[in-house]
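For the sequence shown, counting from 1, position 211 maps to 211 in the UniProt record's numbering; every step adds exactly one.
Note that beta-carbon positions come from the ideal geometry of N, C-alpha and C, so glycine has one too.
Heads up: the structure comes next, in structure tokens.
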Amino acid sequence: MFGKFYPLHTGHIYLIQRACSQVDELHIIMGYDDTRDRELFEESAMSQQPTVPDRLRWLLQTFKYQKNIRIHAFNEEGMEPYPHGWDVWSHGIRAFMSEKGIEPNRIYTSEEADAPQYLEHLGIETVLIDPKRTFMNISGGQIRENPFRYWEYIPTEVKPFFVRTVAILGGESSGKSTLVNKLANIFNTTSAWEYGRDYVFSHLGGDEMALQYSDYDKIALGHAQYIDFCGEICQQGGVHRYRLRQHSGLLSEVRGT
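So, in structure tokens, the structure goes:
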């Protein structure tokens with residue numbers, strides 16, 4: 001099975017699971033081309049570009065319990081895009097599969113136009129699964145154009161990549177908490193309150209006068225746990241555009257996904 005998985009979506013997963021149930025061993029070959037991938041990103045609405053390791057991680061994590069699935073990365077640099085690059089691509093993929101010891105009996109795809117090309121250039125029978133997208137009507141292009149519109153088609157392992165974290169900075173008693181609450185309501189998302197304030201109340205009697213350096217690590221850890229918890233809720237819920245948090249000054253790094 002071949003694909004860019006840019007990004008991996010539930011349509012891919014459906015295809016892979018259907019194929020996996022019909023074979024003893026399934027090889028998934030993820031193609032990448034830095035120039036092409038950069039162009040896809042620049043034409044998309046994604047806020048950051050998924051790297052090759054990102055895409056491999058999504059596949060590996062999603063199918064890590066299925067021992068008959070093998071994941072590979074194939075460099076397609078310099079190969080013309082379809083439909084003009086079949087000769088060069090087929091030559092390269094033959095060499096790649098030979099090097100990896102892959103001897104496929106069939107190829108699985110949802111692309112009707114690719115089936116005769118696989119047969120002509122690789123001499124391998126192609127099995128079409130859901131070519132009309134009647135069961136899973138989604139594409140990588142749709143997700144790249146509007147990730148949040150198609151949020152339900154983005155797998156669990158991929159969603160953290162698209163979740164945005166926004167830090168609200170400001171001086172003491174400047175209205176950060178109120179602003180965070182309003183933004184979370186407007187964007188229908190979750191927020192993480194300033195853990196430092198809770199810590200001072202629960203551990204220092206409500207007075208920062210007793211604060212010392214040994215407390216900072218505990219506050220930073222507690223704040224990070226608040227953020228992670230909000231992120232988990234955000235990923236499990238519906239379409240959330242932002243994950244908000246306050247920054248108390250104790251954390252020097254704004255962590256985002």
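Do residue 73 and residue 118 have their C-beta atoms within less than 8 Å of each other?
The answer is no: Cβ separation not under 8 Å.
List the residues that DSSP assigns as beta-bridge partners of residue 125.
106
If we count Cβ pairs, one from each stretch, closer than 8 Å, do we get three or more for the stretch 47-67 versus the stretch 13-28?
With the cut-off at 8 Å, the stretch 47-67 and the stretch 13-28 touch.
Mind checking whether residue 3 and residue 30 have CB atoms under 8 Å apart?
yes
Please list the segments of the beta strand (DSSP E) lying wholly inside the UniProt domain "NadR/Ttd14 AAA" (166-224), counting only runs of 3 or more residues, in order along the chain.
none
Cutting at 7 Å between CB atoms, please list the residues of its own chain near residue 96, excluding the five before and the five after it.
74
Would residue 191 and residue 184 be called neighbours here (beta carbons separated by less than 8 Å)?
yes
If you follow the beta strand (DSSP E) that residue 32 is in, where does it begin and where does it stop?
26-32
Is it buried or exposed, residue 213, if we count other Cβ atoms within 10 angstroms and call 16 or more buried?
Exposed, by the Cβ-count rule.
Which residue marks the beginning of the alpha helix (DSSP H) containing residue 70, and which one marks its end?
That residue, residue 70, is in no alpha helix (DSSP H); its beta strand (DSSP E) goes 69-75.
Could you tell me the distance, in whole angstroms, from the CA atom of residue 130 to the CA atom of residue 193?
A direct Cα-Cα distance of roughly 46 Å separates residue 130 from residue 193.
Would you list the residues sitting across from residue 2 in a DSSP beta bridge?
29
Quick one: is residue 246 buried, meaning 16 or more other Cβ sit within 10 Å of its Cβ, or exposed?
Model confidence at residue 246 stands at a pLDDT of 36, short of 50, so the residue's coordinates are unreliable; what they give is reported in the following sentence. Label assigned to residue 246: buried.
Coil, strand or helix - residue 64 by DSSP:
coil
Quick one: using the 10 Å Cβ neighbour count with 16 as the cut-off for buried, is residue 55 buried or exposed?
Buried is the call here.
Over the uninterrupted alpha helix (DSSP H) stretch that includes residue 12, give me the two end residues.
10-20
Residue 114 - DSSP class collapsed to helix/strand/coil:
Here residue 114 carries a helix assignment [DSSP, helix/strand/coil].
Are residue 153 and residue 9 close, meaning C-beta to C-beta below 8 Å?
In this structure, residue 9 lies closer than 8 Å to residue 153 by Cβ.
By how many angstroms is the C-alpha of residue 1 removed from the C-alpha of residue 62?
16 Å
Which residue from 180, 136, 163, 203 puts its Cα closest to that of residue 170?
180
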